[in-house]
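Working notes, structure below.
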Amino acid sequence: MSRLFMFEKPLGMRDTLPELHDAKESVRSSIEMEMKRWGFQFIETPALEYYETVGMASAIQDQQLFKLLDQQGHTLVLRPDMTAPIARIAASKLYKEQIPLRLAYSANVYRAQQREGGRPAEFEQIGVECIGDDSVSADGEMIALAISSLKKAGLEPFQLSVGHVGFVNELFLQILGNEERARELTKFLYEKNYVGYREHVHSLPLSSIDSQRLLAFLDLRGGPEVIGKALELVENGKGRDALDELKLLWEIIEDFGESSRIKFDLTIVSHMSYYTGILFEVYAGMIGFAIGNGGRYDKLLEKFGKTTGATGFAIRLDRLLESLGDLEPPEPVTCILFSPERRKEAYQMAAEKRENHERIVLQDIRAVRNLDACSDAFANVVFLVGKEGTQ
Numbered sequence: 000m001s002r003l004f005m006f007e008k009p010l011g012m013r014d015t016l017p018e019l020h021d022a023k024e025s026v027r028s029s030i031e032m033e034m035k036r037w038g039f040q041f042i043e044t045p046a047l048e049y050y051e052t053v054g055m056a057s058a059i060q061d062q063q064l065f066k067l068l069d070q071q072g073h074t075l076v077l078r079p080d081m082t083a084p085i086a087r088i089a090a091s092k093l094y095k096e097q098i099p100l101r102l103a104y105s106a107n108v109y110r111a112q113q114r115e116g117g118r119p120a121e122f123e124q125i126g127v128e129c130i131g132d133d134s135v136s137a138d139g140e141m142i143a144l145a146i147s148s149l150k151k152a153g154l155e156p157f158q159l160s161v162g163h164v165g166f167v168n169e170l171f172l173q174i175l176g177n178e179e180r181a182r183e184l185t186k187f188l189y190e191k192n193y194v195g196y197r198e199h200v201h202s203l204p205l206s207s208i209d210s211q212r213l214l215a216f217l218d219l220r221g222g223p224e225v226i227g228k229a230l231e232l233v234e235n236g237k238g239r240d241a242l243d244e245l246k247l248l249w250e251i252i253e254d255f256g257e258s259s260r261i262k263f264d265l266t267i268v269s270h271m272s273y274y275t276g277i278l279f280e281v282y283a284g285m286i287g288f289a290i291g292n293g294g295r296y297d298k299l300l301e302k303f304g305k306t307t308g309a310t311g312f313a314i315r316l317d318r319l320l321e322s323l324g325d326l327e328p329p330e331p332v333t334c335i336l337f338s339p340e341r342r343k344e345a346y347q348m349a350a351e352k353r354e355n356h357e358r359i360v361l362q363d364i365r366a367v368r369n370l371d372a373c374s375d376a377f378a379n380v381v382f383l384v385g386k387e388g389t390q
């Protein structure tokens, strides 16, 4: 083995050390419990999927997929997201009674990085999918559950930005005339490059009225008053259905008592091309990236032979932990240092303390090279050394 690579990891891969692992486990557990309280059932999917099905359905760029060949020559991918695998399961096995499914997951996903930029190529998501429900009530439920889950994780403050990809697509097609031009302009929104967006609009051969409509679109951020402003930009009522959905969504979130947590931002789009309607992003603290996102994807299950509505969201555990700030101190651990003649006594003491939910390390004192360092590493140390009955 080359000494150069002895301690190196592949690009974008990370180790999780004990303190961070414990913090992640605690946060994950609190969110999982909340999702279960809302009636969601957890499932698992394989880390490897077929490229021609899940890989192509996932909407992750091809160059970000980890690909490999199986022994039969089929191209496989490490799952790049969880929505597409769950859509596969729902279409093939679960969605048979035409009753909405509420499924949840906590799993690692894999997206290759082209260069070292601090972004992980493997990260854990926890999320839910509601499959078989095309109502705005389901969209509202996803937003309310995301808020409730983050509150249970201890996150404060945080905000959700809500948009509608259907409205963006409709408005851009009205003004620009074809999907290629619309996609070109949408790319600036995905990159949040608003300077580039404005420059591109000024470069287009449009009437001054249409140019102004596209520029005014960038100001569609705020509370329910945004819907009225958006209506002024549409022609012939096209795009009105999307705005009616947002109006109803606001009322639903008000009924959940969480309208203070959300704001409309109609400039939101996603690199996940399967989104078709309402979508949202979660922001907290000084983190520059969204710590979670979700939305409606009514066309995705068609790739697996089913036609039905679906919506969901995912939270990035690494970004959530970063938003939470300082980690809670780990639970105290007691070390029982024992000599051979006190071994049985040490084992019995450890068993009793563990029954009381204490964390106990058993350590043969003969294997300790630095007794002071060993003692400093634990909250409490019990010495069972020498004759029985002495500590």
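Counting in numbering that gives the first Met the number 0, the sequence shown runs from 0 upward without gaps. Built from N, CA and C at the ideal position, the CB exists for glycine as well. Model, not experiment: these values are computed from the prediction.
* DSSP-derived helix/strand/coil call for GLU7 -> coil
* Asked: With DSSP run on the structure shown, which of helix, strand or coil describes GLN362?
  -> strand
* Tell me whether SER206 is buried or exposed, calling it buried when 16 or more other Cβ atoms sit within 10 Å of its Cβ. => exposed
* Asked: For GLY227, which of helix, strand or coil comes out of DSSP?
  -> helix
* **For ALA241 and ALA137, the rounded distance between their alpha carbons** => 15 Å
* To do: Please state whether DSSP places LEU326 in a helix, a strand or coil.
  => coil
* Neighbourhood of THR310 by C-beta, 6 Å cutoff - its chain only, sequence neighbours within 5 removed -> CYS129, ALA137, ASP138, MET141, ARG295
* **Simplified DSSP assignment, three categories, for GLU244** => helix
* Within the segment 78 to 107, ranges of the alpha helix (DSSP H) (whole runs, at least 4 residues) -> 82 to 88
* Report the three-state DSSP secondary structure of GLU351 (helix, strand or coil). => Helix, per DSSP.
* Quick one, which of SER160, VAL127, LYS150, LEU232 has its alpha-carbon nearest ILE174's? -> LEU232
* Asked: Should GLY11 and ALA120 be called a contact, given that it needs their Cβ atoms to be closer than 8 Å?
  -> yes
* To do: Tell whether a beta-carbon distance below 8 Å holds between GLY131 and ILE98.
  => Result yes, Cβ atoms of GLY131 and ILE98 sit closer than 8 Å.
* Endpoints, the alpha helix (DSSP H) within which LYS237 is located -> Per DSSP, LYS237 belongs to no alpha helix (DSSP H) and is neither H nor E.
* **Cβ-based neighbour list, ALA349, same chain, cut-off 7 Å, excluding 5 preceding and 5 following** => These residues qualify, in order along the chain: ILE335, ILE359, LEU361.
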